[in-house]
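In my numbering, the protein residues as written are 91 to 710.
Even glycine gets a Cβ: it sits at the ideal position worked out from N, Cα and C.
See below for the structure under consideration.
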Amino acid sequence: MKSFVFYLCLFLLITSALTATNAVEVLQSPNGKTALSFELRDRGGLRYGVSYCGKPILIESRLGIIFQDAPPLEEGFQIIERKKSHHDQTWKPAYGERNEIRDRYNQWIVDLKENQAPHRRLQLIFRAYDEGIAFCYTLPEQETLQDITIQSEKTQFRFTAPHYTWPVYSAQGAYEKTRIDDVKSNCERPLTVKIEDGPFVAIGEARLVDYARMRLQPVPENPHTLESQLASPVTVSAPYTTPWRFLMIADTPDQLIERNYLILNLNDPCEIEDTSWIKPGKVIREVTLTTEGGKACVDFAVEHGLQYIEYDAGWYGNERSESSDARTVSRNPKKSGVKGELDLHEVIRYADQHGIGVIVYVNRIHLERQLDEILPLYRSWGIKGVKYGFVQVGSQQWTRWLHEAVRKAAANHLMVDIHDEYRPTGYSRTYPNLLTQEGIRGNEEMPPAENTLILPFTRGLCGAGDYTVCWNSTRIKTTHAFQLATPVVFYSPFQFLFWYDRPQQIKDEPELEFWKTMPVVWDETHVIQGSIGEYITMARRTGDEWYIGSLNAVRQRALEISLSFLPSDQKFTASIYSDADPQGASPRKVSIQHMTVDSTSIIKADLAANGGQAVHLSPQ
C-alpha cells in the first residue's frame with residue numbers, strides 16, 4: 091500500500107510539472123493588440139505564436155539553433171525563469187524620417203536549461219510592441235558551450251494559410267506577387283505578407299552586425315511555413331546574442347510604412363558622441379572623371395540646391411584591377427569618351443570654396459586591401475564621404491568586415507553609402523555616418539513603375555534606399571512628375587538626383603525648383619494612401635515646410651489628397667507639380683499650379699499611367 095501511494099504521488103508530481111512546463115504563456119503589447127505566445131511542446135521543444143487583435147498570424151512556429159559539431163538546441167528544455175519587464179522611452183535620431191521615436195514594448199527574458207546532460211542553457215528574449223514582435227537568442231557563458239559554430243537556425247514563421255506575399259531573391263531584384271507556399275529559397279528580407287481578412291505583416295532582421303545574414307526558405311513538410319536561411323556558418327564565443335528576428339504588423343500597408351522605425355528601436359543607441367559633421371544632402375554624380383567636369387558639377391550643385399558631387403568609379407584607375415591604387419588620383423582613360431585631366435585636389439578646393447562636398451567611389455578590391463590607409467588619407471584631402479563599391483555581403487566574415495569598415499569611416503569623420511547588394515538592418519542608428527545604401531532596384535536599372543510601387547511597402551521598410559533618381563534619361567519608364575515625387579517617397583540621406591545626367595544636359599526647367607528647396611531628412615512622415623504595386627502618396631515635413639509625393643503605376647488614376655495633417659490654424663501656399671497630360675502623350679511635360687490651402691483642403695491628383703505629382707506646402 092505504501093509503495094502504491096508513493097508511486098501515485100510521484101506520478102501526480104511529474105504530471106503537474108509537465109502541465110506547468112507546457113502551459114502557454116502570452117506576452118501582450120502595451121496596447122494589447124499584438125500578442126506573442128510561447129510554450130514547450132513535443133518533449134520540451136520551443137514553440138511560439140503571434141496574434142493580432144485576436145486573429146492568429148503565426149502558429150506553433152519552431153525555434154532552435156543547430157550547431158556544426160554539437161547536438162542542437164531545440165528540444166528537451168525546461169524553463170528555469172521568466173523575467174518580465176516594460177520599457178517606454180522616447181529618443182531623437184541624428185537625422186531620419188522623423189525627429190522623435192518612441193520605443194515602447196513589453197519584454198520576456200526566458201531562461202531555459204536542458205533536462206539531460208550536459209544541461210546546456212539557452213536564453214530567449216521576446217518583445218511585444220504595438221508595431222509587432224521581435225525575438226533573439228542568447229547563449230549564456232557556460233563551460234559546456236564556449237567557442238561554437240552555428241550551422242543554422244530552426245527559426246520558423248508558420249502562417250495559418252497561403253497568404254499573398256511579395257518575394258524577391260536578390261537585394262536589387264524584381265518583385266513578384268505570389269503565395270506563401272510558392273516562395274523559393276534565398277528569399278530576401280523584409281518579406282511583406284497580406285494576411286487574408288487581416289493585417290499586413292513583414293518578416294525581417296535587425297541589428298545584423300557580426301552574424302550571417304538571414305534570408306528565408308520554405309519548409310517542404312510544413313505548408314505555409316518559412317524558415318531562416320543563414321548565408322554562412324557563424325562562429326561565436328559565449329556569451330553571445332544573435333540579431334533580432336521581427337514581425338512588423340499593421341492594419342494597412344500604409345501603416346506598415348509608418349511603423350518602419352521598429353527596426354531602429356531594435357538597434358543599439360548612437361555610438362558617435364558628436365554627430366555635427368554628419369550632414370545629409372543631395373548629390374549629382376560626376377561621370378567625366380575630369381577637373382572640368384567636377385567644377386561644372388560644383389557650379390550645377392550651387393545653382394540647383396545640391397550639397398555634394400560624387401566622383402564615380404574610375405577616378406583612381408580601373409576599379410576592377412588589383413594594380414590600381416586608391417591612394418592615388420589616376421583617371422581611367424577608358425572609363426568615358428571625354429578627354430581631359432583630373433586634378434581631384436583642385437576640384438575639392440573649388441567645391442569647398444563654394445560650400446559643396448565631394449564624395450568618392452572605391453571598389454571593394456581596394457577597400458579590402460587599403461581601407462586603413464585611404465580613410466585617414468581621404469579625410470586629409472577634404473573628402474566628405476565614400477561609396478563602398480560592390481562590397482561582399484551575407485557571410486559572417488563579410489558582415490563583420492563591412493560594419494567594422496563603417497566604424498572606421500566614422501573614426502575618420504567620413505560618411506558612407508554602401509553600393510549594390512547590402513540591405514540595412516538599422517545600424518544607421520548606432521553609426522549614423524552610414525547614411526544610405528543601395529540594395530534596391532532603383533532608376534539605375536530603369537524599372538517599370540509597378541516594381542517601383544512595390545518597393546515602399548517592402549524594401550522601404552528596412553531603411554534608406556539609394557534609389558539613384560534620374561531626370562533626363564531617354565530610358566526612364568515614368569513621367570517627369572513621377573521623377574520629381576520619387577525622392578519624397580524614397581528616403582535617402584544621400585539623395586542622388588541626377589544619376590545619368592550631366593550639367594550641360596539639364597535645361598532651365600522651372601519644375602526643378604521643387605528639388606532645389608526639398609530637404610532629404612524629415613521631422614515627420616505620413617503615408618496618406620497606397621496600394622502595393624499600384625500607387626502611393628506620402629507627406630513629409632521638415633521645419634514648417636511640407637513635401638508631398640504621389641507615384642502611380644499601371645493605369646491613369648485620380649487621387650484625392652487630404653491635408654488634414656496640417657495645423658488647423660495656418661494657411662499654406664501649395665506649389666503643385668503635375669503631369670501636364672494625364673493621358674500620357676507628353677510624359678516629360680510638367681504643369682505648375684499655385685493655390686492657398688489649409689487643413690480642410692483636398693488636393694486632387696490626376697495621375698498619368700506611370701505618372702506622379704509633387705507638392706510643396708510653404709506656410710504663409
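**Q.** Span separating the alpha-carbon of Pro146 from that of Gln710
**A.** Taking the first residue of the sequence shown as position 1, residue 146 is located at position 56. Taking the first residue of the sequence shown as position 1, residue 710 is located at position 620. Each residue's alpha carbon lies about 49 Å from the other.
Q) When the Cα atoms are used, what is the spatial distance from Tyr517 to Leu697? A) On the sequence shown, residue 517 is found 427 positions in, with the first residue counted as 1. On the sequence shown, residue 697 is found 607 positions in, with the first residue counted as 1. About 37 Å.
Q | Own chain residues within Cβ distance below 6 Å of Asp591, not counting five before or after | A | One-based indexing of the sequence shown puts residue 591 at position 501. Taking Asp591 as the centre and dropping the five residues before and after it, the same chain places the C-beta of Trp561 and Asn562 closer than 6 Å to its C-beta, in chain order.
Q) Looking at C-alpha atoms only, which residue of Leu602, Asp659 and Phe580 is the closest neighbour of Lys679? A) Locating residue 679 in the sequence shown gives position 589, where the first residue counts as 1. Nearest of Leu602, Asp659 and Phe580 to Lys679, Cα basis: Leu602.
Q. Excluding the five sequence neighbours on either side, which residues of its own chain have a C-beta within less than 7 Å of the C-beta of Asp82, listed in chain order?
A. Residue coverage of the chain in this structure runs from 91 to 710, which leaves residue 82 outside it and unanswerable.
**Q.** Close-in-space but distant-in-sequence residues of the same chain around Tyr468 (CB under 8 Å, 5 per side omitted)
**A.** Residue numbering aside, residue 468 sits at position 378 when the sequence shown is read from its first letter. The answer, listed in chain order, is Val450, Val476, Asn502 and Leu504.
Q | Within 9 Å, strictly: CB atoms of Lys244 and Glu317 | A | As a first step, residue 244 must be located in the sequence shown, where it is residue number 154. As a first step, residue 317 must be located in the sequence shown, where it is residue number 227. Remark: C-beta atoms of Lys244 and Glu317 approach each other more closely than 9 Å.
Q: Have a look at Arg645, Pro230 and Asn121 and flag the residue whose alpha-carbon is nearest the alpha-carbon of Arg210.
A: On the sequence shown, position 120 is the one that residue 210 refers to. Among Arg645, Pro230 and Asn121, the Cα nearest to that of Arg210 belongs to Pro230.
Q | Beta bridge counterpart(s) of Tyr195 as assigned by DSSP | A | As a first step, residue 195 must be located in the sequence shown, where it is residue number 105. In DSSP, Tyr195 forms a bridge with His177 and Tyr219.
(Q) Please report the straight-line C-alpha distance between Val559 and Gln673, rounded to a whole angstrom. (A) Translated into the one-based positions of the sequence shown, residue 559 becomes position 469. Translated into the one-based positions of the sequence shown, residue 673 becomes position 583. So the alpha carbons of these two residues sit roughly 23 Å apart.
Q. What residues match up with Arg469 in a beta bridge as DSSP calls it?
A. Residue numbering aside, residue 469 sits at position 379 when the sequence shown is read from its first letter. DSSP, once it has assigned bridges, lists no residue as partnering Arg469.
Q) Of all the options Leu298, Leu434 and Tyr259, which has the alpha carbon lying nearest to the alpha carbon of Thr418? A) As a position in the sequence shown, residue 418 is number 328, starting the count at 1. Looking from the CA of Thr418, the closest CA among Leu298, Leu434 and Tyr259 belongs to Leu434.
(Q) Taking its Cβ as the centre, do 16 or more other Cβ atoms sit within 10 Å of Ile692, making it buried, or is it exposed? (A) By 1-based counting over the sequence shown, the position of residue 692 is 602. It is exposed - the Cβ of Ile692 has fewer than 16 other Cβ atoms within 10 Å.
**Q.** Helix, strand or coil at Glu382 according to DSSP, with G and I counted as helix
**A.** As a working mapping, residue 382 is identified with position 292 in the sequence shown. In the three-state reduction of the DSSP assignment, Glu382 falls in the helix class, which pools H, G and I.
Q) Quick check: the stretch 191-199 against the stretch 162-170, are there 3 or more CB pairs under 8 Å? A) Here the stretch 191-199 does not lie against the stretch 162-170, with fewer than 3 beta-carbon pairs under 8 Å apart.
Q.
In whole angstroms, give me the CA-to-CA distance for Gly532 and Gln262.
A. In the sequence shown, counting from the first residue as 1, residue 532 sits at position 442. In the sequence shown, counting from the first residue as 1, residue 262 sits at position 172. Going from the Cα of Gly532 to the Cα of Gln262 covers about 8 Å.
Q. Roughly how many whole angstroms lie between the Cα atoms of Leu707 and Asp634?
A. Along the sequence shown, read from residue 1 onward, the residue named residue 707 stands at position 617. Along the sequence shown, read from residue 1 onward, the residue named residue 634 stands at position 544. Taking the straight line joining both Cα atoms gives about 9 Å.
(Q) Please classify Lys385 as buried or exposed, where buried requires at least 16 other C-beta atoms within 10 Å of its C-beta. (A) By one-based count along the sequence shown, residue 385 stands at place 295. By the 10 Å Cβ count, Lys385 comes out buried.
Q | Coil, strand or helix - Asn533 by DSSP | A | Your numbering for residue 533 matches position 443 in the sequence shown. Looking at Asn533 - three-state DSSP - the assignment turns out to be helix.
Q: With DSSP as the reference, label Lys429 as helix, strand or coil.
A: For the purposes of this step, residue 429 is taken as the residue at position 339 of the sequence shown. Three-state DSSP puts Lys429 in coil, outside helix and strand.
Q: Quick one: give me the first and last residue of the alpha helix (DSSP H) that Ile438 is part of.
A: Sequence index remark: in the sequence shown, residue 438 carries index 348 (1-based). Leu434 to Gln443 is the span of the alpha helix (DSSP H), which, as asked, contains Ile438.
**Q.** Three-state secondary structure (DSSP) of Phe157
**A.** Walking along the sequence shown from the start, residue 157 turns up at place 67. Phe157 falls in the strand class under three-state DSSP.
Q: For His616, write down the residues that DSSP places opposite it in a beta bridge.
A: Taking the first residue of the sequence shown as position 1, residue 616 is located at position 526. Per DSSP, Ala629.
Q) Around the C-beta of Thr180, are 16 or more other C-beta atoms found within 10 angstroms, so that it is buried, or is it exposed? A) If you number the sequence shown from 1, residue 180 lands on position 90. Thr180 comes out exposed.
Q.
Taking only three categories from DSSP, how would you classify Asn355?
A. Reading the sequence shown from its first residue, position 265 is the one you call residue 355. Asn355 falls in the helix class under three-state DSSP.
Q: May I have the straight-line CA-CA distance separating Leu545 from Ile530, to the nearest angstrom?
A: Stepping through the sequence shown from its first residue, residue 545 is reached at position 455. Stepping through the sequence shown from its first residue, residue 530 is reached at position 440. Those two C-alpha atoms are separated by around 8 Å.
Q) Three-state secondary structure (DSSP) at Ile622? A) Start at 1 with the first residue of the sequence shown, and residue 622 comes out as number 532. If DSSP states are grouped into helix, strand and coil, Ile622 belongs with coil.
Q: Please classify Leu543: does DSSP put it in a helix, a strand, or coil?
A: The residue labelled residue 543 in the question sits at position 453 within the sequence shown. Here DSSP, grouped into helix, strand and coil, assigns Leu543 to coil.
Q.
Considering only DSSP beta bridges, list what Ser242 is partnered with.
A. On the sequence shown, residue 242 is found 152 positions in, with the first residue counted as 1. Under DSSP, Ser242 takes part in a beta bridge, and its partners are Ile156.
(Q) Less than 9 Å between the C-beta atoms of Phe247 and Leu337, yes or no? (A) Locating residue 247 in the sequence shown gives position 157, counting from the first residue. Locating residue 337 in the sequence shown gives position 247, counting from the first residue. Taking 9 Å as the Cβ cut-off, Phe247 and Leu337 qualify as a contacting pair.
Q | Own chain residues within Cβ distance below 8 Å of Leu281, not counting five before or after | A | Looking up residue 281 in the sequence shown gives position 191. Correct list, in chain order: Thr255, Trp256, Pro257, Val273, Ala292, Ile293, Gly294, Leu306, Leu316 and Thr548.
Q. From Ile270 to Val579, what does the alpha carbon distance come to, in whole angstroms?
A. Stepping through the sequence shown from its first residue, residue 270 is reached at position 180. Stepping through the sequence shown from its first residue, residue 579 is reached at position 489. One C-alpha to the other measures close to 27 Å.
Q. Which residue comes first and which comes last in the beta strand (DSSP E) that contains Lys372?
A. The residue given as residue 372 occupies position 282 in the sequence shown. Start and end: Gly371 to Glu376.
Q: Give the straight-line distance between the Cα atoms of Leu90 and Leu641, rounded to the nearest whole angstrom.
A: A query on residue 90 cannot be resolved here, the shown segment of the chain reaching from 91 to 710 and no further.
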